[in-house]
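Trainee: Dumping the structure here so I can ask a few things about it.
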Amino acid sequence: MNSIQEELKLKFQVAIAQALDTEGAETDPMLVPASNPQFGDYQSNVAMSLAKKVGKPPRAIAESIVQHLDLADLCEPPTIAGPGFINLTLKPAYLEAQLNAISRDDRLGVATTKHPLRAIVDFSSPNIAKEMHVGHLRSTIIGDCIARILEFRGQDVLRLNHVGDWGTQFGMLIAYLREKYPEALTTRDALDLGDLVEFYRQAKKRFDGDPAFQETARLEVVKLQSGVEESRFAWNLLCEQSRREFQQIYQLLDVRLDERGESFYNPLLPAVVEDLDQAGLLVEDAGAKCVFLEGFTNKAGEPLPLIVQKSDGGYNYATTDLAALRYRIQEDEAKRIIYITDAGQASHFAQVFQVARRAGWIPDDVELVHVPFGLVLGEDGRKVSTRAGESVRLKDLLEEAIARFRAYLEAKCIEDQREETAEFKAEVSKVVGISAVKYADLSQNRTSNYIFSYDKMLAPLGNTAPYMLYAYARIRSIGRKGQIDFDRLGNEAKVLLQDETELNLAKHLLQLSETINAVETDLLPNRLCQYLFELSQKFNQFYDRCPVLEAEAPVKTSRLLLCDLTARTLKLGLALLGIPVLERM
RNA sequence: GGGCAUGUAGCUCAGUGGAUAGAGCAUCAGAUUCCGGUUCUGAGGGUCGGGGGUUCGAAUCCCUCCAUGCUCGCCA
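For reference, each letter of the first sequence is one residue, going 633 to 1217 in our numbering.
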C-alpha cells in the first residue's frame, strides 16, 4: 500500500507529463504536506519551478496541470493560490477508507521495502577494560533506533559492536598488571571492573611518562598479536569480564548487538597496507607508511597523511577501519554501511572513506554514511562529569533516572491516594526512567550538542517520554473502563469522520508511513518523535471534544477505532525508538 | 592558521528553496456536570548571529565577517 503522499505524487507525475506534453520526463512534483492547514492537506510547488523552463506564467502551468489531474477519488477539486501553489484537500470518504484499511494491518500501512539490502549499523563500541560511560549513550541509543527502523522496513540489518579490544592500550594494561597484580592475568574475576578501570588509568599515566614502560607495553602487544598463549589467555579474561558488564547495560536498555571487535580484523591488516601499496597510494614518511590525503592539510598547509602503519610496524585504527570496510563489503556484502559516532570523528571517517575510494574498494552501489552526533552536556552547558571530573558511568546515569521517577511516582501515589504494589512501582519506574533518557536523546536533531537534564526528560508535560507513555496508558484505560475488546470490534466496524478533531487525527494517523520512510532515508529519529508527539496532541484534542464511551452506536464504534489506531500507532512508533509501552502507570 | 559543526522566542529546540518562521517549557488569561486536569482554548513574546549575493521566492543555497564547540602525522 502506497502512502498518500506517494499516491498523489504518481498522479501528479502523470498530469505534469500530459500538461507539458513531455515524454514521461521525470519532474519531481514537489509535493509536500501543506505549510498551513488553511491551505488544505498537501500542496505542490512544481508550477513555480517550471515557469522559467517552460516559459509560461506559473499560474497558467498550474491550471494546465490541474486540468489533467485525476484525483476525484482522493481529493476535493484542487485550488490554485498565490503565485501558483496547487492546494489539495483530502476527501473524508477517502480518509475513512484508508483508515479502515490500515486498521486491519499489523504494520499500520507501513510497507516493507521491495528491495531488501544488507545494511550494517556500527554503533555503541565501548572499550574493553573500561566502563561504559556517558560518551557511549548517544551512539547506543541512536544506533539501536536506526537499526530498528531499517529492520522494520525489511532491510537485512547487521548490528555490529566494534568494541575496542585490541591495540596499544592492551599491551599497556597487561604490562602494568603483570607488574602490579599478576593474578588478574591468570584468574577469572580477580579484580572487579572498577579496579580494572583504575589500573588502566594508572597504566596510561605510566605509559605517557616512562619510555622504558612504553617499550615493555609494546612487547606485550607483539606477544598478543603473535598469539602467545599466556597473553591470549589474559586478554580473553579481560574481554569476558567486560563483556558481561556491557551486557548488563544492553539488557537494561533492551539493545541487541553482535560483537565484532577490532581484534577480529587483525589478520586482515597486512593486506590492507600491501594493497594500498599495489594501488600506488602508499608513501613512507618519517618511518611511517601512509597515504597522503586530498583536501586535508596540516598547520603549515602541507597535505596530511593517513597513517596505516606506524614506524614501529604496528597498525592503528585507520588500518582497522579500512580492513573492516573491506570485510563488510566483500564478506558481508553490505550495501549501506552506517557508522554512529560522535561528530568529532567526522574527519577521521572522511579520510578513511577517501582512501578506500581512491584504492577502488568502494563499488558504486555501496553507500558509506557517517551519522554524527553532538556531545552530551550538563545543565551548565559543559561536558557532563562527576565532581572528580571524570565521565559519568552509564549505569549510574540510568539508575539515577529510574530513581528520580520512582520518587515522583511514590509522591504521586500518596497524593492521589492510590495503592500500588512495590513491584508495580519498580517496573513502571524502570520503564519510564530508561525511556526518558532514550526519548530525550532521540527527540532532538542529533547533529547539535544536547543538554542532559533529568528534570526536563522526566517531566510529565511536553515532548517527553512520560507524556507519550501517559497518552498511551490513558487510551488503554478507556478500553478497561468500557470493557472494550479492541480486537473484537469486528471487520464491519467503520471509521466515520465528522468532527474537525477527528479529521485532524485521521490525517495524522495516515502519515506514519511517510514519516518512517523519511527517517529511513535521513536517519533522523527526531522526526519520528515529532510525529508521535503531534499524534498525542491531536488525540488529546479529539478526546477533549468527542465523548467516546457515551456516544451512540455507529459513532461510538468509530471513535473506539480511532482510539485503538492511535494506541497502536503510539505503540509501534515508540517500539521503533526502543521504548516499550505501559498499560497503566 | 586549516577543516568541520553550531548560532532561530526568556529557556530547550523543530523547521536544509515556497505562502503570515513553528512547538514544548516558563509567563498571563480563560474552559470544565470530564471516558485518568499529566487535559483543552487563547494571549504576549522573533531584525532566524551581522553584512553582501543568487532566485519569481532564502532561516534554508553561495561569499564574507563575528561568536561558541570539536578537530588537525604515528591514541581510538
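Yeah, the Cβ is synthetic: ideal placement off N, Cα and C, and Gly gets one too.
Spatial neighbours of residue 1036 within its chain, please: C-beta separation below 8 angstroms, excluding the five flanking residues on both sides.
Mentor: Numbered from 1 along the first sequence, position 404 holds the residue referred to as residue 1036. Contacts found: 1065, 1086 and 1090.
Trainee: Please work out which residues of its chain come closer than 7 angstroms, Cβ to Cβ, to residue 808, disregarding the five sequence neighbours upstream and downstream, and give them in chain order.
Mentor: Along the first sequence, one-based indexing puts residue 808 at 176. The answer, listed in chain order, is 831, 834, 835 and 838.
Trainee: According to DSSP, residue 720 sits in a beta bridge with which residue or residues?
Mentor: On the first sequence, residue 720 is found 88 positions in, with the first residue counted as 1. Answer by DSSP bridge pairing, in chain order: 674.
Trainee: Between the Cα of residue 1156 and the Cα atoms of 814, 1079, 1196 and 1141, which residue gives the shortest distance?
Mentor: What you label residue 1156 is simply residue 524 of the first sequence in a count that begins at 1. Among 814, 1079, 1196 and 1141, the Cα nearest to that of residue 1156 belongs to 1079.
Trainee: Taking C-beta to C-beta, are residue 1016 and residue 1009 nearer than 8 angstroms?
Mentor: Sequence index remark: in the first sequence, residue 1016 carries index 384 (1-based). Sequence index remark: in the first sequence, residue 1009 carries index 377 (1-based). Yes, they are a contact pair.
Trainee: Return yes when the Cβ of residue 889 is within less than 8 angstroms of the Cβ of residue 793, no when it is not.
Mentor: The residue given as residue 793 occupies position 161 in the first sequence. The residue given as residue 889 occupies position 257 in the first sequence. Their beta carbons are under 8 angstroms apart, which means residue 793 touches residue 889 by this criterion.
Trainee: Pairs of beta-carbons, one from the stretch 820 to 830 and one from the stretch 784 to 802, closer than 8 angstroms: are there three or more?
Mentor: Look at the beta carbons and you see the stretch 820 to 830 not touching the stretch 784 to 802: under three pairs across the two are nearer than 8 angstroms.
Trainee: Per DSSP, residue 941 is paired with what?
Mentor: Here residue 941 is taken as the residue at index 309 of the first sequence, counted from 1. As a beta-bridge residue in DSSP terms, residue 941 pairs with 921.
Trainee: So, is residue 1046 buried or exposed, given that buried needs 16 or more other C-beta atoms within 10 angstroms?
Mentor: Residue numbering aside, residue 1046 sits at position 414 when the first sequence is read from its first letter. Residue 1046 comes out exposed.
Trainee: What's the gap between the Cα of residue 819 and the Cα of residue 803?
Mentor: Numbered from 1 along the first sequence, position 187 holds the residue referred to as residue 819. Numbered from 1 along the first sequence, position 171 holds the residue referred to as residue 803. C-alpha separation (whole angstroms): 18 angstroms.
Trainee: Along the beta strand (DSSP E) that carries residue 819, what are the first and last residues, could you check?
Mentor: As a working note, residue 819 is residue 187 in the first sequence. From DSSP, residue 819 is part of no beta strand (DSSP E); its letter is neither H nor E.
Trainee: If I follow the unbroken alpha helix (DSSP H) through residue 1212, where does it start and stop?
Mentor: The sequence position of residue 1212 within the first sequence is 580, counting from 1. No alpha helix (DSSP H) contains residue 1212, which DSSP labels as neither H nor E.
Trainee: I'd like to check one pair, residue 1107 with residue 1199: are the Cβ atoms closer than 8 angstroms?
Mentor: As a first step, residue 1199 must be located in the first sequence, where it is residue number 567. As a first step, residue 1107 must be located in the first sequence, where it is residue number 475. Their beta carbons are under 8 angstroms apart, which means residue 1199 touches residue 1107 by this criterion.
Trainee: Could you tell me the boundaries of the beta strand (DSSP E) in which residue 1000 lies?
Mentor: Against the first sequence, residue 1000 aligns to sequence position 368. In this chain, the beta strand (DSSP E) harbouring residue 1000 covers 999 to 1005.
Trainee: Specify, as a first and last residue, the run of the alpha helix (DSSP H) that residue 665 falls within.
Mentor: Position 33 of the first sequence, counted from the start, is the residue given in the question as residue 665. Not the alpha helix (DSSP H): residue 665 falls in the beta strand (DSSP E), residues 663 to 665.
Trainee: Between the beta-carbon of residue 1165 and the beta-carbon of residue 1137, is there less than 8 angstroms?
Mentor: In the first sequence, residue 1165 corresponds to position 533, counting from 1. In the first sequence, residue 1137 corresponds to position 505, counting from 1. Not closer than 8 angstroms, so no.
Trainee: To the nearest angstrom, report how far apart residue 870 and residue 864 are at their CA atoms.
Mentor: If you number the first sequence from 1, residue 870 lands on position 238. If you number the first sequence from 1, residue 864 lands on position 232. One C-alpha to the other measures close to 10 angstroms.
Trainee: Have a look at residue 815 and residue 806 and give me their C-alpha separation to the nearest angstrom.
Mentor: Here residue 815 corresponds to residue number 183 of the first sequence, with the count starting at 1. Here residue 806 corresponds to residue number 174 of the first sequence, with the count starting at 1. Residue 815 and residue 806: Cα-Cα distance of roughly 11 angstroms.
Trainee: Based on DSSP bridge pairs, tell me the residues matched to residue 965.
Mentor: Counting from one through the first sequence, the residue named residue 965 turns up at place 333. The partner list for residue 965 (beta bridge, DSSP) is empty, contrary to what the question assumes.
Trainee: What are the start and end residues of each continuous alpha helix (DSSP H) run of 4 or more residues lying completely inside the stretch 1079 to 1166, in chain order?
Mentor: 1086 to 1089, 1097 to 1113, 1132 to 1141 and 1144 to 1154
Trainee: Spatial neighbours of residue 659 within its chain, please: C-beta separation below 6 angstroms, excluding the five flanking residues on both sides.
Mentor: On the first sequence, residue 659 is found 27 positions in, with the first residue counted as 1. Counting only Cβ-Cβ distances below 6 angstroms, and skipping sequence neighbours, we find 648.
Trainee: Could you please give the first and the last residue of the uninterrupted alpha helix (DSSP H) stretch that includes residue 742?
Mentor: Here the question's residue 742 lines up with position 110 in the first sequence. Segment: none, residue 742 is in no alpha helix (DSSP H) and carries neither H nor E.
Trainee: Is it true that the CB of residue 780 sits closer than 8 angstroms to the CB of residue 1152?
Mentor: On the first sequence, residue 1152 is found 520 positions in, with the first residue counted as 1. On the first sequence, residue 780 is found 148 positions in, with the first residue counted as 1. Taking 8 angstroms as the Cβ cut-off, residue 1152 and residue 780 do not qualify as a contacting pair.
Trainee: How many whole angstroms separate the CB atoms of residue 1213 and residue 1030, which I take to be in contact at a CB cut-off of 8 angstroms?
Mentor: The residue given as residue 1213 occupies position 581 in the first sequence. The residue given as residue 1030 occupies position 398 in the first sequence. Going by Cβ atoms, the distance from residue 1213 to residue 1030 rounds to 19 angstroms, so no, they are not a contact pair.
Trainee: Is DSSP giving residue 643 helix, strand or coil here?
Mentor: In the first sequence, the residue the question calls residue 643 occupies position 11. Residue state, collapsed to three classes: helix.
Trainee: Measuring alpha carbon to alpha carbon, tell me which residue in 774, 744, 868 and 855 is nearest residue 946.
Mentor: Working through the first sequence from its first residue, we reach residue 946 at position 314. Comparing C-alpha distances from residue 946 to each of 774, 744, 868 and 855 shows the shortest one belongs to 855.
Trainee: Would you identify the three-state DSSP class for residue 1027, choosing helix, strand or coil?
Mentor: Here residue 1027 refers to the residue found at position 395 when the first sequence is read from its first residue. Residue 1027 falls in the helix class under three-state DSSP.
Trainee: Is there contact between the stretch 922 to 932 and the stretch 702 to 721, where contact requires at least three CB pairs shorter than 8 angstroms?
Mentor: no
Trainee: Let me make sure I understand the geometry here. Which of 822, 1160, 1051 and 1195 has the alpha-carbon closest to that of residue 1103?
Mentor: Counting from one through the first sequence, the residue named residue 1103 turns up at place 471. Closest by alpha carbon: 1195.
Trainee: Our contact map puts residue 1075 next to residue 1178 with C-beta atoms below 8 angstroms; I'd like the distance itself, whole angstroms only.
Mentor: Residue numbering aside, residue 1075 sits at position 443 when the first sequence is read from its first letter. Residue numbering aside, residue 1178 sits at position 546 when the first sequence is read from its first letter. About 28 angstroms separates the two Cβ atoms, so there is no contact after all.
Trainee: Contact check, residue 767 vs residue 1023 under 8 angstroms by CB: the rounded distance?
Mentor: Position 135 of the first sequence, counted from the start, is the residue given in the question as residue 767. Position 391 of the first sequence, counted from the start, is the residue given in the question as residue 1023. Confirmed, about 6 angstroms.
Trainee: Less than 8 angstroms between the beta carbons of residue 897 and residue 955, yes or no?
Mentor: For the purposes of this step, residue 897 is taken as the residue at position 265 of the first sequence. For the purposes of this step, residue 955 is taken as the residue at position 323 of the first sequence. It is a contact, given that the beta carbons lie within the stated cut-off.
Trainee: So what does residue 890 bridge to, in DSSP terms?
Mentor: In the first sequence, the residue the question calls residue 890 occupies position 258. Paired residue(s): 792.
Trainee: Please check the pair residue 674 and residue 661, which I expect to be a contact at CB under 8 angstroms, by giving their CB distance rounded to whole angstroms.
Mentor: Counting from 1 along the first sequence, the entry for residue 674 is found at position 42. Counting from 1 along the first sequence, the entry for residue 661 is found at position 29. 10 angstroms between Cβ atoms; not a contact.
Trainee: For residue 707, write down the residues that DSSP places opposite it in a beta bridge.
Mentor: The count along the first sequence starts at 1 and reaches residue 707 at position 75. In DSSP, residue 707 forms a bridge with 722.
Trainee: Can you tell me which of 992, 1048, 1203 and 680 puts its alpha carbon nearest to the alpha carbon of residue 909?
Mentor: The residue you call residue 909 lines up with position 277 of the first sequence. Answer by Cα proximity: 992.
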